[in-house]
Structure formats: C-alpha cells, structure tokens
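Engineer: Take this structure, written in structure tokens, and hold onto it; I'll ask about it next.
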Amino acid sequence: NNAQASLTSDSNVTASGTINVGASGIVTATGGTWTFVDNGAQVVGMAGNELNNVTFNLVPILVGDDQVIMKNAFTASGTVTITRGDVNMGGKTLIISGGLIIANAGTATLTATGEVTFGSGMDLGANGGLMLSGATIILEGIDQKVTNNRTTLRGEETVTTNGAVIRALTIGSNSGATILRHFHVGKTFQVNTGSVFALEGGLKLFATGGTIINYATITEGTGAIVSTGSALAVADSAFAPIIEVKTGEIAYFTLRDQDENINGTTRDTISITVTTAAGDSETLTLQETNTTSGIFRDTILTEKATIVTGDGTLQTTVDTTINITYTDAQDGFSISDSALLSPVATSGGGGGGGGGGGGGGGGGGGGGKGPVGPRQPGTANQRQGWLSVLTAAAKKELQEAKGVPSENTEDRRQDRLEDQAVSGPILPNRNGNLQTVVGGVAVVYLDVPVREWYAPFVSAVIESGVASGYKDAAGNFLGEFRPGSNVTYAEILKMAMEAAGNDVTNVPGMPKNTSARRGWADQYVKAAEDQNISVIGTQLNVYSPATRGAVLQTVLEALRIPIGDMVPEYLDVRGSHPYAHAIAVATRLDLVHGDTDGQGNLKGTFRPNDPINRAETAKIMSRVLQLLSP
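Using our numbering, the first residue of the sequence shown is number 539, and each one after it goes up by one.
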C-alpha cells in the first residue's frame, strides 16, 4: 500500500496463491497475458489496476475448490479467458474492454451480481457458465448481440446472460446492441446517447416494475419492450386526474408509458381516440413532454353545440361521458379512463375589428374563459398611473447612474429568464399546434407549435382579440400566424388600436396615406391620422416592415401613454433618434429589455432600425395587455 511499490510488465505473467495489491500500489501491464493458476481457491485483489489479457486456469486438488475470489474491482483492457475455475466477482465491478471467453467446460464459470461492462462480445462454451442474476450490465462494444441462452457465436460480439433476470442493463455501444432471446430487466434499462438498441424476430425485453431511460434510439421491429406500469387520465390544467369537464373548458389528457420513448433525441407522439357516449369521436396526438420522459399529453376544446365528429372539438348538448382508451401496439397492454362532460351556458364576449391579410381581426376567447372583448381606451386614472410608473422609473435611472441599484433590477432579469423558458400548462392544441376559437370559429395555427417560446404570447394576443392571423380573399382563416415574418406598420397599428379599444368600423373618410387607400388597413390608418400618431406619414408604405423603434412609438401613441423626453440606456440608441424616447419609456414599462446573450444577460443594445418579426411583436403586445389589465 505504497505509491512507490509498483510492478511493470509488458510480457506474460503467471501467478498462483493470493494476489494482493495495496490501495496505493501500482501495477502496469502494457502487454502480455496474466494467467492465474492455483490448485485451490485463489484470492485476487488488484485494487482497480488494469491488466491486459487475462486467463484463469485453476486446477484444484479437491473437487470444487476452484473459486477465484475477487477482493475488489477487476479491469482488463484485452480479452478475459476462463479455461477452468469459477471466477466469483460477487458485487464487485468487472470491466472487460475486450472479449470474454468461457470455455466449453462445466468447471468454467463467471458469477457476478454487481456492475459488469462488456466492451466487446462473448464466446460462451456450451457447458460454460455465466451467472449474472441481479447484476447491472453495460454494453459498450460495436454491433453487440445479447442472448440469454448458452451458445457459441464466434465472429460476433455476443453477450449471453444464461436466463438470468438482470437488475439493470445499459446500452452504451456506439453502433448498437441487439437481443437474440427474451430478456428480463428488473430495475433500470438505459440506452445511452449515440447508441441503438434493437429487438429481432418478435423477441421481448420485459421491464415491468423497472425504469426505462432512452437517450438514443430503440428499434422494436417485430419485437417489443413490455412494461405494464402505464397510466392514463382525463385531467385538469395541472394534469391531475379529474372526474368532470364542463363545456367551454379545455379537456387535458396525460399518458405515462415509458416503453413508448422510442427516440430519445426527439419528442415522440402517440395517437389516441377520444369518444363520448353522446356520439362524438376525435383523434388526438399526444406529444412527449420532453425527449426522454415517456409522458405524453394533449388537449382538446369542448363546447355546448351539435356534435361534429373529427373537427377537433368535443361537442355535446346533454350530459355525457368522455371515454379514452390506449392500447400499446407492441405489448398489447390496454388502459382506459373516463370523465363526465356537462353542458353549460356559453359566456358572451365581443369581437375585434375586421381585416384581411396581415393580421385581420376577429373575436378572441376560447380556453374555457369565454371570449374576451376589445380593450377599453386608457382612462385618466390609468394615464396618471402610467405617469407615476414613468416618474418612478426616472428616479431609478438616476439612482442607477449614481451606483445605487434599483429595487426591480433583479426582477427584470428574472422576467428575461422566464421569457426564455416559458413554462406553465400546455396550451390548447391539435397535433402539437396552437388551437383557439376566433369569432366562434375553431382555428388551428399550423405554424405555431405549442412547444415554441412564442406560442404563449401568440395565444394571448389572439385570445384578447388583438390579432387573429391571416385570412384568404373570402375571409376564411388560413391557420397561419407567420411568427417569423416581419411585422408591417399596418399590422402593428391594427394590434395597437385593438389593444387600446379603438373602434375603427365607423371612422369616416379616406386616409391621406396613399398606400392605405382601398386596403384592409384603411380605417386603422385613417383613425391613426385623426389621432396624430406620428409614425403614420402620408408617404409611408404601411404594408412595409416596421422598425423596432417605430413599433414602440406606434404602440405608446395608440395607447396615449406619455412619452416625454426620457433618455434610453442602449449603446446603439442616441438621444437624437426619432424613437429614442419611446424606446426608453417602453423599457421602463418592461415592454422590452433589449438584446440578450445566450445566458439571458443584457448586451446593452436594441437595434432600433431593424425590422421585428411577428413572434417578437406578439411578446410585446402580450406585455401591453398585462399592463392594461385591471
């Protein structure tokens, strides 16, 4: 047990009797084969030192006195061959980077209950023994095959478990592992990143009661992973099981089935059919909550109306029952749940203004809260409140200039972090895309996946009636919000007017702006001219992309929020910029924060002259709606 005590060899070593390496002792085997021979039980303690090739060949004087008892972990970088003897690892760790050969002899056996790592294959003689009950097996080889019968498959990397129930199995091989016989794992089955696990010829891996973790790929083919610990429920927004849903509410569904996490690099999906006793039938696509969870969820709208099957909404006019059933296609396990669906009177609500492409209006609502009508203009008290906010913000700016931190600096940083990782209940969706009701019409936005960061903001502006997405020439919804498209002057003007509660349907006359005449935004532009919104000049093309600064100027003026002469903090916004004061006010009101790096830290820039896409605009407008909330 001394770091200065060492043995170095690159050639063959034969050892009999007890082998003991102290905890600090060093054995360096760079080549050759270590052969353990004895005529009785042999105790080996290598203290974790790695050998190269190893052969166990015990010739006992007494029958049965042929055990090799390992005192601690044993590691071999080459091939381990058991010619004769029972190598007993107990619960100690065994790591074999090369192959394992167990001779065709009843006296050649490996027994282990701890962690065993195979970096290559195995050649198990017909009469050889491999006892791994309760062991954890880690496969790190190339194209490894896994079987539980005694077999000799030379030329293939084959790992044989001899019918044992394995405590845990980890697939770490770069190019995959395949089982060749039915296989049992009692605790944990894991496929590491970059690996592939395959089942052939209808074979099954049984993992009921265990945990399945897949970071890579599982190919079931005609085989199956059998795990009957699934759970299915009709649920509330927190995905807790419930017994009743009322029309107008969102019905949530959650399924836990770990063996359906087939691809650990993406979120898997599962289709289920939802029916009601009244005759409705809808197909839902449940999506995994993350790439490895094995938990699948989806939602559906409900309404008190005549049943239309297959329209993405559960309808009823009478008390009925929601029924869901899921059957695992591979192992045949089936599970069901149900809940009452009770019709209730719908709540009223207004709609937004009309409009064509570029974010035309329509009623907000859905989500079980009832439609939300247009916002009312800011009252005198509300404007006074905004002045108070701005006055306080100016004081904070002065404090910060003197080195005194403002009380909400950390709050604003937390807001930025929350914006980057939007969380909360899953939004109403169909096949993973945002679904809501606009003007009494159920609309699925095919370009707004609910997993995207901007989906909650898009949902908020649609539900409030501030925006509705795009329509065709006949006024039908296209199911597009176009989050990546640049917002135009007309579109942000429409959103700002709707948020302010300005009714433009009866605005008289034609706008002076020539680009707006006879276009869908003509009344919005005429109202903006009447209100003296400075961005909308007579020569401006209102259907061209708006700049980031112009968006904020338009929003603040439409809401009649005082702008004043506050100076912005951004490095790229001079005080002489035409929208500098609006940018400063919007920042103080937490409508914007400026550019951030990958960790959410402020970069001190705003890019006032750059265009801004509709996803970012939806985020700004959702913050405006929060500001306007009572």
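For glycine and all other residues, C-beta sits at the position ideal for the given N, C-alpha and C.
Taking the CB atoms as reference points, tell me whether L822 and R794 lie closer together than 9 Å.
Structural biologist: In the sequence shown, residue 822 corresponds to position 284, counting from 1. In the sequence shown, residue 794 corresponds to position 256, counting from 1. No; because the gap between Cβ atoms is not below 9 Å, this pair is not in contact.
Engineer: Mind checking which residues open and close the beta strand (DSSP E) that includes R794?
Structural biologist: As a working mapping, residue 794 is identified with position 256 in the sequence shown. From DSSP, the beta strand (DSSP E) with R794 extends over 788 to 794.
Engineer: CB G1007 to CB G1017, shorter than 9 Å?
Structural biologist: Taking the first residue of the sequence shown as position 1, residue 1007 is located at position 469. Taking the first residue of the sequence shown as position 1, residue 1017 is located at position 479. In this structure, G1017 lies closer than 9 Å to G1007 by Cβ.
Engineer: How should G899 be labelled, buried or exposed, when 16 other C-beta atoms within 10 angstroms of its C-beta is the threshold for buried?
Structural biologist: Numbered from its first residue, the sequence shown carries residue 899 at position 361. Unreliable positioning characterises G899 in this predicted model, as indicated by a pLDDT of 34, which lies under 50. A coordinate reading is not provided.
Engineer: In three-state DSSP terms, what is P1021?
Structural biologist: Counted from its first residue, the sequence shown places residue 1021 at position 483. DSSP places P1021 in coil when its eight states are reduced to three.
Engineer: To which residues does DSSP link L879 through a beta bridge?
Structural biologist: Taking the sequence shown and counting its residues from 1, one reaches residue 879 at position 341. Per DSSP, V783, T858.
Engineer: Is the distance from the Cβ of L879 to the Cβ of D857 below 9 Å?
Structural biologist: In the sequence shown, residue 879 corresponds to position 341, counting from 1. In the sequence shown, residue 857 corresponds to position 319, counting from 1. The Cβ atoms of L879 and D857 sit closer than 9 Å to each other.
Engineer: Rounded to a whole number of angstroms, what is the C-alpha to C-alpha distance between T1189 and N967?
Structural biologist: The requested residue 1189 does not occur in the structure, where the chain is confined to residues 539 to 1168.
Engineer: Cβ of S554 within 9 Å of Cβ of D576?
Structural biologist: By one-based count along the sequence shown, residue 554 stands at place 16. By one-based count along the sequence shown, residue 576 stands at place 38. Cβ distance < 9 Å, so S554 and D576 count as in contact.
Engineer: Out of F744, Y1108, M627, which one is the CA nearest neighbour of V764?
Structural biologist: Here residue 764 refers to the residue found at position 226 when the sequence shown is read from its first residue. Of the candidates F744, Y1108, M627, the one whose C-alpha sits nearest the C-alpha of V764 is F744.
Engineer: Please state if the CB of V551 and the CB of A541 are separated by a distance shorter than 9 Å.
Structural biologist: Translated into the one-based positions of the sequence shown, residue 541 becomes position 3. Translated into the one-based positions of the sequence shown, residue 551 becomes position 13. Cβ atoms of A541 and V551: not closer than 9 Å.
Engineer: Can you tell me where the alpha helix (DSSP H) with G1087 in it begins and where it stops?
Structural biologist: As a working note, residue 1087 is residue 549 in the sequence shown. 1086 to 1096 is the span of the alpha helix (DSSP H), which, as asked, contains G1087.
Engineer: Tell me whether I751 sits in a helix, a strand or coil according to DSSP, three-state version.
Structural biologist: For the purposes of this step, residue 751 is taken as residue 213 along the sequence shown, with counting starting at 1. I751: strand per DSSP, three-state reduction.
Engineer: How would you call T1143, buried or exposed, if buried means at least 16 neighbouring beta carbons within 10 angstroms?
Structural biologist: Position 605 of the sequence shown, counting from 1, holds the residue named residue 1143. Answer is exposed; the Cβ neighbour count stays below 16.
Engineer: Measure the C-alpha to C-alpha separation of S635 and T617 and round it to an integer number of angstroms.
Structural biologist: The residue you call residue 635 lines up with position 97 of the sequence shown. The residue you call residue 617 lines up with position 79 of the sequence shown. Whole-angstrom Cα-Cα distance: 7 Å.
Engineer: Is D774 near the ligand NAP, in the sense that its beta carbon is under 8 Å from a heavy atom of that ligand?
Structural biologist: Ligands displayed in this structure: none; no statement on the ligand NAP is therefore possible.
Engineer: Determine the DSSP secondary structure at L1129, reduced to helix, strand or coil.
Structural biologist: Here residue 1129 is taken as the residue at index 591 of the sequence shown, counted from 1. In the structure shown, L1129 sits in coil (DSSP, three-state: anything other than H, G, I, E or B).
Engineer: By Cβ distance, which residues of its chain are closer than 6 Å to I873, with the 5 residues on each side in sequence left out?
Structural biologist: By one-based count along the sequence shown, residue 873 stands at place 335. S768, L770, Y864, listed in sequence order.
Engineer: When you compare the CB positions of Q1146 and V1105, do they come within less than 9 Å of one another, or not?
Structural biologist: As a working mapping, residue 1146 is identified with position 608 in the sequence shown. As a working mapping, residue 1105 is identified with position 567 in the sequence shown. A small correction: the amino acid at residue 1146 is Pro; Gln does not occupy that position in the sequence shown. Not in contact: P1146 and V1105 (Cβ atoms no closer than 9 Å).
Engineer: Are the C-beta atoms of G1003 and some chain C residue less than 9 Å apart?
Structural biologist: Any reference to chain C falls outside this structure, which holds one protein chain only.
Engineer: Taking contact to mean at least 3 C-beta pairs separated by less than 8 Å, is the segment 776 to 783 in contact with the segment 755 to 764?
Structural biologist: no
Engineer: Going by Cα to Cα distance, which pick from Y753, L852, G848 is closest to K784?
Structural biologist: Position 246 of the sequence shown holds residue 784. Selected option, being the one with the closest Cα: L852.
Engineer: With DSSP as the reference, label Q922 as helix, strand or coil.
Structural biologist: Translated into positions along the sequence shown, residue 922 becomes position 384. With a pLDDT of 47 at Q922, under the threshold of 50, the modelled position of this residue cannot be trusted; read the value that follows with caution. The answer is helix: DSSP assigns Q922 an H, G or I state.
Engineer: Name the DSSP beta bridge partners of E1067, please?
Structural biologist: As a position in the sequence shown, residue 1067 is number 529, starting the count at 1. Note: E1067 sits in no beta bridge, so no partner.
Engineer: Inspect the CB distances between the segment 1113 to 1122 and the segment 1086 to 1102 and report whether three or more fall short of 8 Å.
Structural biologist: yes
Engineer: Within 10 angstroms of the Cβ of Q1137, are there 16 or more other Cβ atoms? Answer buried if so, exposed if not.
Structural biologist: Sequence index remark: in the sequence shown, residue 1137 carries index 599 (1-based). By the neighbour-count rule (16 or more Cβ atoms within 10 Å), Q1137 is not buried but exposed.
Engineer: Where in the segment 1104 to 1156 do unbroken runs of the alpha helix (DSSP H), each at least 4 residues long, occur, reported from the N-terminal end onward?
Structural biologist: With a minimum length of 4 residues, the continuous alpha helix (DSSP H) runs that stay inside the segment 1104 to 1156 are 1118 to 1126.
Engineer: Return the first residue and the last residue of the beta strand (DSSP E) that A983 is part of.
Structural biologist: On the sequence shown, position 445 is the one that residue 983 refers to. It should be pointed out that residue 983 corresponds to Tyr in this sequence rather than to Ala. Where Y983 is concerned, the enclosing beta strand (DSSP E) stretches over 979 to 987.
Engineer: Work out the CA separation of G1039 and R913 for me, nearest whole Å.
Structural biologist: One-based indexing of the sequence shown puts residue 913 at position 375. One-based indexing of the sequence shown puts residue 1039 at position 501. Residue placement at R913 is flagged as unreliable, the pLDDT there being 40, under the threshold of 50; a coordinate-derived value is accordingly withheld.
Engineer: Given that a residue counts as buried once 16 or more other Cβ atoms are within 10 Å of its Cβ, and exposed if not, what is L589?
Structural biologist: Taking the sequence shown and counting its residues from 1, one reaches residue 589 at position 51. Result: buried.
Engineer: Let's test the definition: count the other Cβ atoms within 10 Å of the Cβ of Q1164 and tell me whether it reaches 16, buried, or not, exposed.
Structural biologist: The residue you call residue 1164 lines up with position 626 of the sequence shown. When all chains shown are included, Q1164 counts as exposed.
Engineer: Using three-state DSSP, classify K1032 as helix, strand or coil.
Structural biologist: Numbered from 1 along the sequence shown, position 494 holds the residue referred to as residue 1032. In this structure, K1032 counts as helix in the three-state DSSP scheme.
Engineer: Using only the alpha-carbon positions, how far apart do A789 and E820 sit?
Structural biologist: As a working mapping, residue 789 is identified with position 251 in the sequence shown. As a working mapping, residue 820 is identified with position 282 in the sequence shown. A789 and E820: Cα-Cα distance of roughly 12 Å.
Engineer: Rounded to whole angstroms, what is the Cα-Cα separation between I484 and A1054?
Structural biologist: In the structure displayed, the chain extends from 539 to 1168; residue 484 sits before or after that span and is not available.
Engineer: Could you check the C-alpha separation between T685 and F735 for me, to the nearest Å?
Structural biologist: Walking along the sequence shown from the start, residue 685 turns up at place 147. Walking along the sequence shown from the start, residue 735 turns up at place 197. With a pLDDT of 49 at T685, under the threshold of 50, the predicted position of this residue should be treated as unreliable, and no value is reported.
Engineer: Given this structure, state the Cα-to-Cα distance separating S997 from E653, to the nearest angstrom.
Structural biologist: Counting from 1 along the sequence shown, the entry for residue 997 is found at position 459. Counting from 1 along the sequence shown, the entry for residue 653 is found at position 115. When rounded, the distance between both Cα atoms is 50 Å.
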